[in-house]
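See structure below.
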Amino acid sequence: MILILLVTIPLAATVLSLVLPVKANQLVAVLAGLATFGLAITLVPSVTQHTVTSARYLRADALSVVFLLGTTFLYAITAVYTIGYLADEAAEARKLGGLEGVRFARYSRLFFIGLNAFAWSMICAPLVNGLALLWVAVEVTTVVSALLVAIDDTDNSTEAAWKYVLIASCGLGIALLATILMYYAGAEVLGQSYDLAIDSLQRVADQLPQTPVRLAFLLAVVGFGTKVGLFPVHTWLPDAHAEAPTPISALLSGSLLAVSFYAILRFYQIAIGALGPAFPQRTLLVFGVLSLALAALYLFEQRNLKRMLAYSSMEHMGILAIGVSFGAPIALAGVLLHVLAHAAAKGGAFMGAGVLVRAFGSKEIGRIHAAMDRLPLTAPLFLLLVFALGAMPPFGIFRSEFQIVAGGISSQHAVAAAIMVILVTVAFFGLTASTTSMVLEPADAVSTSDATSTVTGAGVRGEPSIWMVIPMIVAVIALAVLGIHPPQDLVALFAEGANELQGVRS
5 MILILLVTIP LAATVLSLVL PVKANQLVAV LAGLATFGLA ITLVPSVTQH
55 TVTSARYLRA DALSVVFLLG TTFLYAITAV YTIGYLADEA AEARKLGGLE
105 GVRFARYSRL FFIGLNAFAW SMICAPLVNG LALLWVAVEV TTVVSALLVA
155 IDDTDNSTEA AWKYVLIASC GLGIALLATI LMYYAGAEVL GQSYDLAIDS
205 LQRVADQLPQ TPVRLAFLLA VVGFGTKVGL FPVHTWLPDA HAEAPTPISA
255 LLSGSLLAVS FYAILRFYQI AIGALGPAFP QRTLLVFGVL SLALAALYLF
305 EQRNLKRMLA YSSMEHMGIL AIGVSFGAPI ALAGVLLHVL AHAAAKGGAF
355 MGAGVLVRAF GSKEIGRIHA AMDRLPLTAP LFLLLVFALG AMPPFGIFRS
405 EFQIVAGGIS SQHAVAAAIM VILVTVAFFG LTASTTSMVL EPADAVSTSD
455 ATSTVTGAGV RGEPSIWMVI PMIVAVIALA VLGIHPPQDL VALFAEGANE
505 LQGVRS
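My numbering numbers the first residue of the sequence shown as 5 and each following residue consecutively.
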């Protein structure tokens, strides 16, 4: 029943958004986000003991619930953030009335339809029981999120959406071929009438023919890796994250990339059963190191705030791939912790970036200075969230990366662990240098060449909306809890998820 509610509540919110006014849509989205997050929490104790299934096509285990928690948490806080995000446009529409009011009503309706539908598709992905259904769910996330990237109807957003659709569609075409090959491998053992159910394939993994499984896994990493943002199929990611509305950027970065990585993990589970761990882990290590290296270097040259955070997302997806490649239980548990910590940190950071863009009227880093003076709540919260993304203690990402590195050393991958530490450090300096200049550098410290393009003199001190600040506070608290003392049920969830990734059931 819980699984059915999880997939029907956001769908019902999507349908209601077709007819309800703006205020009601805001309430429905917040309630749907909170309800799904609450339901996801209730699954935690049970999936540490056994798999939960409902009906024929839904399935939850520890691995899927980790990704479900990240998505529903972001759904809830993003819905709250959206109230403040749309407040200025609502006030302007009320002031102008007439066609402007009609335009805003249409925009807000489409926004909430898309927000709820996007959350619904990302909730369905980790819950469906079957590789074919998983591919369909990830495809739906592409269609909905591409429309949301283009919703502002500017030239840049339209170009970013088309680029996203073209690259992601090519990637998902490759992922479909991976799914077909895995079906072929399974049919050799289970017969042609089986339905690609995850349990069925895992149960007979050691009997599957190795060549099609090896090829299917490699194609899955490339295909779904397009949506994850792994090198070299990442090129859509910076544009889409930069041009999407801020709440959508938060969901894209904090949840969509992770959900796509979840699809790779399902192929990984089958591949290690059929091939042993060596080939799958080496494959992920190569893609992970290349993705992390590219992102770390690109972070130093970014001039656009949201593009900077987009490359940070690519960095963290590389860390996830590297962590899984180590294979040690502590590293795998660190990967699952990292999924949740990254969702909170990156979602909150994008929300902070949205407030900075709103206050200074620009996404350009060079035009934002002395934010601490202008935004007394958002600026320190944004700084904390960026430090959390850089793995500063005591936040959750420090703990998860520490576990991943410890797992790398314990599993005889000390060189790879050292490379990861070096690249993460490079990324940290690139990310924090720009952030501290925006938040702490006074306006009179800006060079003469930059002064004409700086907007620090305009605007009024104060937050645009408290609704845009509350989600950032919640994200910082969540990161502190994950870093200092995660709840025991969560620790057990990560341990069980690590067992599942190793092909072991407790």
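C-beta atoms are modelled at their ideal positions from N, C-alpha and C, and glycine is treated no differently.
List the whole-angstrom C-beta distance separating residue i from residue j, where the pair is believed to meet the contact cut-off of C-beta under 8 angstroms.
{"i": "Leu170", "j": "Ala189", "result": "Between Ala189 and Leu170 the Cβ distance is about 30 angstroms, and since that is not below 8 angstroms, they are no contact."}
{"i": "Ile401", "j": "Ala392", "result": "6 angstroms"}
{"i": "Ala349", "j": "Ala479", "result": "7 angstroms"}
{"i": "Thr55", "j": "Ala64", "result": "7 angstroms"}
{"i": "Gly327", "j": "Ile408", "result": "4 angstroms"}
{"i": "Val148", "j": "Ser125", "result": "6 angstroms"}
{"i": "Ala267", "j": "Phe228", "result": "4 angstroms"}
{"i": "Phe221", "j": "Phe291", "result": "Incorrect: roughly 12 angstroms between the Cβ atoms, too far for contact."}
{"i": "Asp571", "j": "Pro249", "result": "Nothing in the structure corresponds to residue 571, since the chain is present only between 5 and 510."}
{"i": "Ile369", "j": "Met442", "result": "6 angstroms"}
{"i": "Ser295", "j": "Met321", "result": "6 angstroms"}
{"i": "Met318", "j": "Ala254", "result": "Met318 to Ala254, Cβ: 16 angstroms. No contact."}
{"i": "Ala121", "j": "Thr18", "result": "5 angstroms"}
{"i": "Gly338", "j": "Gly74", "result": "That pair is no contact at about 15 angstroms."}
{"i": "Val217", "j": "Ile274", "result": "7 angstroms"}
{"i": "Gly394", "j": "Met472", "result": "Not quite, the Cβ-Cβ distance comes to about 23 angstroms (not below 8 angstroms), so this is no contact."}
{"i": "Val84", "j": "Pro384", "result": "About 20 angstroms separates the two Cβ atoms, so there is no contact after all."}
{"i": "Val32", "j": "Ser21", "result": "7 angstroms"}
For residue i, write down the residues that DSSP places opposite it in a beta bridge.
{"i": "Arg286", "result": "The partner list for Arg286 (beta bridge, DSSP) is empty, contrary to what the question assumes."}
{"i": "Glu368", "result": "Asn308"}
{"i": "Thr57", "result": "Arg63"}
{"i": "Val132", "result": "Leu62"}
For residue i, would you say it is in contact with chain C, using Cβ-to-Cβ distances shorter than 7 angstroms as the test?
{"i": "Leu38", "result": "No chain C is present in this structure, which holds just one protein chain."}
What do you get for residue i, buried or exposed, if any count of 16 or more other CB atoms within 10 angstroms of its CB means buried?
{"i": "Val51", "result": "buried"}
{"i": "Met5", "result": "exposed"}
{"i": "Thr215", "result": "exposed"}
{"i": "Gly466", "result": "exposed"}
{"i": "Lys310", "result": "buried"}
{"i": "Lys27", "result": "exposed"}
{"i": "Gln492", "result": "exposed"}
{"i": "Thr82", "result": "buried"}
{"i": "Val106", "result": "exposed"}
{"i": "Val419", "result": "exposed"}
{"i": "Arg403", "result": "buried"}
{"i": "Pro25", "result": "exposed"}
{"i": "His489", "result": "exposed"}
{"i": "Ala353", "result": "buried"}
{"i": "Gly365", "result": "exposed"}
{"i": "Phe498", "result": "buried"}
{"i": "Ser457", "result": "The predicted model places Ser457 with a pLDDT of 41, which falls under 50 and marks its position as unreliable; any figure quoted below should be read in that light. That one is exposed."}
{"i": "Ser197", "result": "exposed"}
{"i": "Gly277", "result": "buried"}
{"i": "Thr333", "result": "In the sequence as presented, Thr is not what sits at residue 333; that position holds Pro. The residue in question, Pro333, is buried, as its Cβ has 16 or more Cβ neighbours within 10 Å."}
{"i": "Gly42", "result": "exposed"}
{"i": "Leu234", "result": "buried"}
{"i": "Ala80", "result": "buried"}
{"i": "Asp243", "result": "buried"}
{"i": "Gln53", "result": "exposed"}
{"i": "Ile481", "result": "exposed"}
{"i": "Leu288", "result": "buried"}
{"i": "Arg378", "result": "buried"}
Quick one: residues in its chain with C-beta nearer than 8 angstroms to the C-beta of residue i, no 5 flanking neighbours on either side, listed in chain order?
{"i": "Ala172", "result": "Thr146, Ala150, Thr230, Lys231, Trp240"}
{"i": "Leu131", "result": "Leu7, Leu10, Val11, Leu62, Arg63, Ala64, Ser68, Leu72"}
{"i": "Thr46", "result": "Ile6"}
{"i": "Glu143", "result": "Leu176"}
By Cβ distance below 6 angstroms, which residues in the same chain neighbour residue i in space, the five residues on each side in sequence not counted?
{"i": "Ser201", "result": "Per the sequence presented here, residue 201 reads as Ala, with Ser not at that position. These residues qualify, in order along the chain: Asn133, Gly134."}
{"i": "Phe399", "result": "Ala392, Leu483, Gly487"}
{"i": "Phe330", "result": "Gly411, Gly412, Ser415, His417"}
{"i": "Leu505", "result": "Leu336"}
{"i": "Phe3", "result": "Outside the displayed range of the chain (5 to 510) lies residue 3, so it cannot be described from this structure."}
{"i": "Glu93", "result": "Phe108"}
{"i": "Ala91", "result": "Ser469"}
{"i": "Leu341", "result": "Ser404, Phe498"}
{"i": "Phe386", "result": "Gly356"}
{"i": "Gln30", "result": "Ile87"}
{"i": "Gly501", "result": "Ala66, Leu67, Val70, Leu340"}
{"i": "Ala297", "result": "Leu427"}
{"i": "His238", "result": "Met318"}
Looking only at its chain, what residues have a beta carbon closer than 7 angstroms to the beta carbon of residue i, apart from the 5 residues adjacent to it on each side?
{"i": "Ala421", "result": "Val409, Gly412, Ile413"}
{"i": "Val390", "result": "Ala353, Leu435, Thr436, Thr439"}
{"i": "Glu247", "result": "Val153, Asn160, Ser161, Ala164"}
{"i": "Tyr1", "result": "Outside the shown range of the chain (5 to 510) lies residue 1, about which nothing can therefore be said."}
Under 6 angstroms: does the beta carbon of residue i sit that close to some heavy atom of the ligand SAM?
{"i": "Leu22", "result": "With respect to the ligand SAM, the structure offers nothing, as it holds no ligand at all."}
Just list the alpha helix (DSSP H) runs in the stretch 155-237, keeping only unbroken ones of 4 residues or longer that don't cross its boundaries, in chain order. Runs of the alpha helix (DSSP H) inside the stretch 155-237: 159-194, 202-207, 214-232.
Would you list, in sequence order, the uninterrupted alpha helix (DSSP H) runs of no fewer than 4 residues that lie entirely inside the stretch 307-355?
-> 309-330
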